[in-house]
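**Student:** Right, I'll just put the structure down here and ask away after.
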Amino acid sequence: MLALIPLLPFAGFLVNATMGKRLPKTVSGGLASLAMLGSFAISVMMVMELAGLAPDARAITEPLYTWFTAGDFELKAALRLDPLSAVMILVITGIGSLIHIYSTAYMHDERDSEFARYFSYLNLFAAFMLTLVLGSSVLVMFVGWEGVGLCSYLLIGFWYQKKSASDAGKKAFIVNRIGDYAFILGALLLATSFGTLEFDGLAAAIAPLPVEHSFGMLSMAALLLFIGATGKSAQIPLYVWLPDAMEGPTPVSALIHAATMVTAGVYMIGRNAVLFTHAPEVLQIIAVVGAATALLAGTIGLVQNDIKRVLAYSTVSQLGYMFLAMGVGAYGAGIFHLYTHAFFKALLFLGSGAVIHALAGEQDIRNMGGLRKHLPITYWTFLVGALAIAGVPGLAGFFSKDEILFETFASGHTVLWVVGAITSLLTATYMFRLVFLTFHGERRHDAPAAPAAHASAHGGHAVDVHADTHAGGHGHGGHGLHDAPAAMAVALVLLAVGSVAAGYIGRPAPLGGSNWLGTWLAPVFEAPVVEIPEATGEFAPPPGSEPEHVEDHAGAADHAAGHDADHEALELTLMGVSSGIAFLGIGFAAFVWLRRRDLADSAARSLAPVHRTLLKKYYVDEIYDAVIVRPIHAFSRDGLWRMDTGIVDGAVNGVASIVAHCATALRRLQTGSVRAYAGSVLVGVVLLLGYYFWR
Amino acid sequence: MIPLGHYLIVSAILFAVGSAGVFMRRNLITILLSIEVMLNAVNLTFVAFGRHAGVVDGQIIVAFVMTVAAAEAAVGLAIVVALFRHRESLNPDAFTSLKW
Amino acid sequence: MLPASFNAASFNAAVPMLCAGAGGLVVMLAESWRRKGERMPLGVLAFIALAATAVSLLFLWGRNQTSFGVITADNFGVFVSLIIVTAGLFTVAFSSQVLERDGIAEGEYYTLLLFAVVGMVMMAMANDLLVLFIGLEVMSLAVYVMTGIRRDSLAGIEGAFKYFLLGAFASAFFLYGIAFTFGVTGSTRLDRVGSFLAAQSMTENPMVLLAMGLLIVGFAFKVSAVPFHMWTPDAYEGAPAVVTGFMSTGVKAAAFAGFVRVFLAAFEPFKADWAPALMVIAAATMIVGTVVGVAQSHLKRMLAYSSIAHGGYLLVGLVAANQLGKAAILFYLAGYAITNLAAFGAIALLGSRESARDGLHDYAGLWHSRPWVAGLLTVALLSLGGLPPTVGFIGKWYVFTAAVSAGYYGLAIIGVLSSVISVFFYMRVVVMMYMTDTSAASSPVPVAGAGLAALAVAVAAIFYLGILPTRLLDLAAASIGSIF
Amino acid sequence: MLTLLVVLPVLGALLLMGVPNADGRKDGLVRWLALGVSVVMFGLTLLLWSRFDPSAEGYQFVQRVPWIPAFGISYAVGIDGISLMLVVLSGFLTPIALLSSWESVQKHVKSFSIFILLLEAAMIGVFLSLDLFLFYIFWDAMLIPMYFLIGIWGYDQRVYAAVKFMLYTMAGSVLMLVAILGMAYLHSVATGSYTFDIEKLALLEVAPRTQFWFFLAFALAFAIKVPLFPFHTWLPDAHVQAPTAGSVLLAGVLLKMGTYGLVRFAFPLFPAAAAYFAPFIAVLAIIGIVYGALVAMVQPDMKKLVAYSSVSHLGFVVLGICAMNVQGMQGAVYQMLAHGISTGGLFLVVGMLSDRRHTRLISEFGGLKGVMPKLTAGFLLLTLASIGLPGMNGFVGEFLIMFGAFKADPRYVIVAGLGVILSAVYMLWMFQRVYYGPVTHEENRTLPDLSVREWAALVPLVALAIFMGVAPNVFLKPTEGAVRSVVERLDMVRTERVQRDVRPDVLPLTSGNDAPVRARAEGR
Amino acid sequence: MGETLLFYAFSGAAIVASAMVIFQRNPMYSVLLLVASFGMISGLYVQLDAPFIAVTQIVVYAGALMVLFLYAVMLLNRPNEDAGDWDAAHPLKEPGMARIGVGLGALLVVQLVYALLRTGRLDEAVGTGGDGGSVRAIGRTMFQDYAFAFEATSVLILVALVGGVYLANREDGR
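So the protein sequences, as listed, match chains A, B, C, D and E.
Just so you know, we're using the working numbering here: the first sequence kicks off at 1318 and counts up by one.
Just so you know, we're using the working numbering here: the second sequence kicks off at 78 and counts up by one.
Just so you know, we're using the working numbering here: the third sequence kicks off at 2 and counts up by one.
Just so you know, we're using the working numbering here: the fourth sequence kicks off at 746 and counts up by one.
Just so you know, we're using the working numbering here: the fifth sequence kicks off at 385 and counts up by one.
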């Protein structure tokens, strides 16, 4: 039954991949969407069933078959549903379905074959993503892990004729590979030390071990896995691929590069919570990296002009939040944010998609503005999303982000809390900069512009594909901008609702909630059931022993309700602060980009170097290119290859030529003069006798 | 009486002289002659040994050797004649069309 | 007044020689009575004579006959003689077409061929240094003349002359060696020499060394071992291909027979003295033969060097000097003979009166113009290169087994590596035949049935011995038991 | 049963020789005959597999016929899991090779088919032999048809490549021949009788210092064949110049002979020396992995690129062998199969491209995705297989190898793992340059997509690549027993001393008479 | 005593003659000198009381063989070596060859003599026992022990005959 969840989209993939080009758009698109909806339905059923189980025993494992066996090492292909993966599959299938539906409209202008190809990729992605989250062992997870990487490669490079697109796809895949390299190493380390890669088995094996206060094997494994996560989830130093990934169609960005795939890293850490709990130093690293990423991306996002890139950096930044949460041990909070983020970020992307769709591929916000009256639905939904991500109280983002900040503070990482706070200020600011520049003010846009103009404006994205098809498709004149078509609107509205409501399942105690989500997730992050008894058995366990950690790290989130008052007070104050920050940011944005837009420009001019640095994303890409890519390439071409043909092969041919030279040399001895021959005979005789008498 | 060694040494010297001649001389006929010298040296050795051992085998062998020498000489001279027809020369170095 | 020791039986061992010699006489007389322009099946006569020789040899197998006390038809001798006669038979088969094409005097040719066989068999069976020497001379003289059988071609005569001159030179050394042997042991009978030397093998006697050294020179020259090899390429190139095939196999076989008899039987006690010298010679021969062969652009010349190298491999077997070694030599000789005859036969068949067509480039695209001949030649070359599943491989393997089992790893390694080098120049021919376009020069020459048939038989034998060598191996092993 | 596998292709070749086809009018018939024979062969190998009993110990279907009794040489054939897999691989790839040359080979079709069949016979023979002598015969005999395939039907540099291939391989193997003879001799010293039977020789206690040299000889031969890092330079030439069928078989089967030889002969026969040398070989293998990948990255020629990628992949295989534990070796064996499928397939596709455009330069292509989607899909899948995407065949092998290597020494994997990254780099880069982007050359616009025959050749490979990734156990199970026995033999020795006294003081080169003495000492 | 002197005279003369054969440019003289040297050697044979061989030496060698050579010399009529015009073409120029030749010859002598001197029992006089020289004894032994060799020689002569005739014959001779 579990197997059906990934298999349905996979079936959709097969159908579209094999006969898709012969199917009309409605059929292929509808098929894909139906597959997603179907697996969504099944997921819901399964989660219901799961919820029916006792909190400690909440896990449904569905063994499929033995994948491979080598000596004493055996690996089963099995699916496993537990509270954590339950959350994930709901997000994936749910939001996935919406995005499928959205896409049927968004991609409508593609040729049939391309259309089918798009949906086949999308389905394949869903299948792999579900495998990733349902996999019961590290390797099964890895299958999905790489599979989604592949799909993102294919989808980013969907418009393969565009060099930038295929480059971006390649970049994404290779950067991910670098992460996977570490991931595999970590997996190997675990496998060789514990003889299994089943999540249960690993947790059970690790739990009794003492927490590593010095950097040991567990920490090593954890670190390696985390590096893998940075690749997949676009954290420092491997985040560079995500912004480029915006070359793909916007729904793809929404699904893969905002809602689901990029969160796989967070999920993976949550999945291996026990391991990470045992490696506090690694947790520190994670927290710092997360915070740093959040800040960095936020600053970059502040100045970007490509609507999708702004969103991309905000994604990176939000992912940073999640890792921060994971790093401070607030796994629940991290997953909570993952979950809410999925809603509003998807919403924002789809909204931007609607804008781009309307503007015939225009993505530069400097050329937008005043779209509010033309695209009301888009505007309002987008606004909701922006409010949510900014952390305005009452919306989804508020709860989750707030919880993260609180946990950070509570766990004593004051500095990181400050960073987080600043980041949320930035978030609010650039999101509303986006909103205001896009939807408010007067039109700076003459649609539909000639592709050339756009190409000049920015590396030429979907423009060419879109512009001409639009011209032929439904030619809307200069001002006749049309709002999102039905399919898109539905998705937008539903997601907007989600962005508002989603937060309430994690509503913390102080606001009269019970943090139901935290409670739901809690068992996952603890040592497996078998360990529980002696974990909570005696009242005062020895410090540093495993269960204690479970207490103050994982346990904190859910038992918050039962804690003392000042704790509650602290939480409330922090809430106040953060919501204050949110409004501050919004206000600032409003002041600058609605009232005194010249301020922004003058600031940009006065701080030109900073501005350029931010605009150029701190030149990280350039640095990587100069420090890593080029040297390796040059080394291989001018160093190794030369050496290969010159020295290694030269040695081989050298032997041959030596023989040849000896041959010609000896050959000259054959002078043809019989007397010389007689001479050689005589010499031979003399030598021979000489050998005998002077040996 | 003359010791055996003397005969042997004489023949050795003759032999060496002949062998040196084979590749010093630049006249085919002289070269053949040098070979005859060598054979004679060998004959002397045979006879000396045979005499020393007090058997006649040495002399008999010499008789055979002489026959062989004659036969060789016959063929050799024939070849020389044939060569001479091709290139009016008796210089061995004139015949180096086969080399390398 | 024949001594009482003479009776009919005592001729048995000489019968093969009688057959061949009689054949020679018959051919000679037939030739002399031949009217001008009249055609005579002299080739058939020669073939019959050789066949008779072969039959008589087969009768002698396992009888261990001795005649005149100097001719012993032990299995060893019979085995080698059979190789020689086989060489003769193949040569006759190939000749039939070549002779009339190149206008070679049939009568003299076949006469000399048969007499040469007589001399070789004499060498193979000789139990007396003098007889050995006479046999060697008979063989040599005949072969000298055969080398220059094409009087009209300077190359032929020049080759003959060089061969003759150096041969006479070397045989003088050989004779000198015999003289010293005689001086030391008072006899030329190998058995007596052997027993005498065995008796006083311990005492240091320079004259024995002298004798050994000079005998080595004589044999080494005949088997064209470095540095006594210089004549080989020229003689091989000068002679007609058929003759080259014959002398590169028959002469080698006979010479090695003598070599084995003298050094592995008579001078066995002094192995410690001659083995190192021969080891060096063997190594040098293998290396020079293969390396210089690389630089050759003339097929016959190339094969000349290859035969030098093969002489080196045979010497390895000689140096190993154990039972394996002896048997290996015999087997290798057989395999090498067949292979080499096939190769030279093919060359001969492809030649023409105007040019021998043995330049490497004359073989360009042969595969396209005449696939079968090319295929057969290829097999022969592969066998020479020692690639399985041909007899060449088995032979090499046998020899190197002998070397290894005697502890001569060095020789074995040199041998195998040089064989790799040799493969290179065999492959050059293959490249020419298969992988280059037909050269305009070579116009297809008609290939007669007899020659082609012989070629096919030879190739069949190459494969047979390469895949099922057991019988021949056993025979070879059985033959070496009997060298007194 | 096994003999049939060797004899049948030869008979097929003879049959073809009988077909009069001087003017090439009967090419079609010849092609179909050859294909038929090879397909029957494949069927036989499958039958063999079905009869094979994975649980049984030792070799199966063993057949021993005395051949040269004087030297204990017997025609001895038999299979265990490892050889079984490789035999099936050979049987599988040969028909595909024939299919692949259906259009590309037009001259001398008859001889071509004959050589392919002979090659198949030799390849299978190598995997079946249980007698070193027999093995060596097949080993060398295999060179001849390959030589002609490259030399006659290859590309412009074919002669150079063919000769280089042949000589290089021979140069390595002849030293092995000497070592083989040495083994037989030692056996005769120890037991009084010669033998080349590996099962008997395996019982022989060879003194460490002798092992040192013999192992070197064996290892060199196999290292050249694999090819291991410094000995790899014949590979690009041979691969690039060979016709498609040749490349497919070369990459698919011939390279495996080297690794097969290591697993079957070099390591089990000389365990002490193997234990001593394994780290060095492993290091070479790792260098090969990274080096091959880096060089492949900058190749302008598709075939060269794939060739160097083979160097990298085979490095993984050797690494797995040197891990000397069950996981590593099984991974190695599995990777042999996987590489045979995926790289063979890649050569197939590249061959199709170069048949269409008569160039293999990446720069000549671009944007083919739109022109020939089918071919692109196939190529993409094979690419993914070869870069070891989980769920495809490449992954399982690499993972197991890294697993085993990690057990042996984690540092190996830390370096070798880079190969995983780099493989993605060079393969995807090539894929992007060839298939993505706009169509740069006009003549590429009109290229036809896969023909039915090409489809038939390609689909099995792709399907198998996926199947092997999804259900590896089908292929892993049979090899387990064999691998385990090898590993146990190695462990047995490795746990003992040897590490130090393997190093010899002198090579018994010309030491005429003391060699037997020493050998006798070793005999016991 | 006189015997010794005679020996030295004979051997000295033989050696000198042979040496002159070698160093003589005109083949004609060489032949004649060689005849002389043969004469001397036959003298040595007499001293070794081998009269039969001595006679044969004179008859066969000096008589028959050398006459043959003389014929050849006359026939080919090349009184002097025509060195110059070929030396240019030759890699090993005169008189380098000659020097090397002398050197090698000397070396060979040294070796042989050295070897001979190191062997024992050579200083003892050549014996006088047995009727070494008598033709009867020679004949008996030859036709008993050396019968086969004798027969073989016939083949040898036959071959030489055929070969010589064939080669010396002109093309148009048949």
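Cβ coordinates follow ideal geometry from the N, Cα and C atoms, glycine included.
Please read these numbers as outputs of a predicted model, since none were measured by experiment.
(1) Which residues in the same chain as F126(B) place their Cβ atom closer than 6 Å to its Cβ, once the five residues preceding and following it in sequence are excluded?
(2) Please name the residues in the segment 528-548 of chain E whose beta-carbon is closer than 9 Å to at least one beta-carbon of chain C, in chain order.
(3) Can you tell me whether DSSP reads Q324(C) as helix, strand or coil?
(4) DSSP on K1393(A), reduced to helix/strand/coil?
(5) Among W373(C), L176(C), V263(C), which has the Cα closest to the Cα of L121(B)?
(6) Hey, could you find the ends of the beta strand (DSSP E) Q851(D) is sitting in?
(7) Answer with yes or no whether the minimum CB distance from Q441(E) to chain A is below 8 Å.
(8) Any C-beta of chain C sitting closer than 8 Å to the C-beta of E149(B)?
(9) Less than 8 Å between CB atoms is the rule here; does S1974(A) satisfy it with respect to chain C?
(10) Spell out whether any CB of chain C is found under 8 Å from the CB atom of H181(B).
(11) I'd like to know whether the C-beta of I437(E) is nearer than 8 Å to at least one C-beta of chain A.
(12) Could you please give the first and the last residue of the uninterrupted alpha helix (DSSP H) stretch that includes E1463(A)?
(13) CB L488(E) to CB L1999(A), shorter than 8 Å?
(14) Which residues, taken in chain order from the segment 205-234 of chain C, show a beta carbon closer than 8 Å to some beta carbon of chain E?
(15) With distances taken from CA atoms, which of V833(D), I818(D), G1076(D) is nearest R796(D)?
(16) Once the 5 residues before and after G523(E) are set aside, which same chain residues still bring their CB inside 7 Å of it?
(17) Look up H1775(A) in the DSSP assignment and say whether it is helix, strand or coil.
(18) With L1743(A) and A1608(A) assumed to form a contact (beta carbons below 8 Å), what rounded beta-carbon distance in angstroms separates them?
(19) Between the segment 937-945 of chain D and the segment 808-817 of chain D, can you find at least three pairs of beta-carbon atoms closer than 8 Å?
(20) Using 8 Å as the threshold, is the segment 162-174 of chain C in touch with the segment 269-276 of chain C, meaning 3 or more CB pairs across them?
(21) Give the straight-line distance between the Cα atoms of V439(E) and Y445(E), rounded to the nearest whole angstrom.
(22) Starting from I137(B) and walking both ways along the alpha helix (DSSP H), at which residues does that stretch end?
(23) So is G485(E) in contact with chain B if we call contact Cβ pairs under 8 Å?
(24) State the DSSP-derived secondary structure class of P435(E), mapped to helix, strand or coil.
(25) Once the 5 residues before and after Q902(D) are set aside, which same chain residues still bring their CB inside 8 Å of it?
(26) May I ask you to verify whether the segment 1067-1077 of chain D touches the segment 1023-1032 of chain D, counting CB pairs closer than 8 Å and requiring at least 3?
(27) Just how far apart, CA to CA, sit V317(C) and L412(C)?
(28) If you measure beta-carbon to beta-carbon, which residues of the segment 493-513 of chain E are closer than 9 Å to chain C?
**Tutor:** Once the coordinates are examined:
(1) The residues are G135.
(2) Residues Q528, D529, Y530, A531, F532, A533, E535, A536, T537, V539, L540, L542, V543, A544, V546, G547, G548.
(3) In the structure shown, Q324(C) sits in a helix (DSSP, three-state: H, G or I).
(4) In this structure, DSSP gives K1393(A) an extended state, which the three-state scheme calls strand.
(5) The candidate whose alpha carbon is nearest that of L121(B) is L176(C).
(6) For Q851(D), there is no enclosing beta strand (DSSP E), as DSSP gives it neither H nor E.
(7) Chain A, which has no Cβ nearer than 8 Å to the Cβ of Q441(E), makes this no.
(8) Using a Cβ-Cβ cut-off of 8 Å, E149(B) counts as an interface residue toward chain C, since at least one Cβ of chain C sits closer than that to its own.
(9) Judged by the 8 Å Cβ criterion, S1974(A) is not in contact with chain C.
(10) Residue 181(B) lies beyond the residue range present for chain B, which begins at 78 and ends at 177; the question has no answer from this structure.
(11) False, the Cβ-Cβ gap to chain A never drops below 8 Å.
(12) Here the alpha helix (DSSP H) through E1463(A) covers 1455-1473.
(13) Against a cut-off of 8 Å, the Cβ pair of L1999(A) and L488(E) comes out as a contact.
(14) Residues passing the 8 Å Cβ filter: N206, P207, M208, L210, L211.
(15) Taking each of V833(D), I818(D), G1076(D) in turn and checking the Cα distance to R796(D), the smallest one comes out for V833(D).
(16) Same-chain partners within the cutoff: there are none.
(17) Note that H1775(A) scores 39 on pLDDT, short of 50, meaning its location in the model is unreliable; the coordinates nonetheless yield the value given after this. Three-state DSSP puts H1775(A) in coil, outside helix and strand.
(18) Going by Cβ atoms, the distance from L1743(A) to A1608(A) rounds to 12 Å, so no, they are not a contact pair.
(19) By the Cβ rule, the segment 808-817 of chain D counts as touching the segment 937-945 of chain D, because three or more pairs are nearer than 8 Å.
(20) With the cut-off at 8 Å, the segment 162-174 of chain C and the segment 269-276 of chain C do not touch.
(21) Answer to the nearest angstrom: the Cα atoms are 10 Å apart.
(22) Taken as a continuous stretch (DSSP letters only), the alpha helix (DSSP H) holding I137(B) covers 134-163.
(23) Closer than 8 Å to some Cβ of chain B, the Cβ of G485(E) qualifies, so yes.
(24) Three-state DSSP puts P435(E) in a helix.
(25) So the qualifying residues of the chain are D982, V985, Q986.
(26) At 8 Å Cβ cutoff, the stretches touch.
(27) Whole-angstrom Cα-Cα distance: 7 Å.
(28) So the close ones are Q495, L496, Y498, A499, L500, L501, R502, T503, G504, L506.
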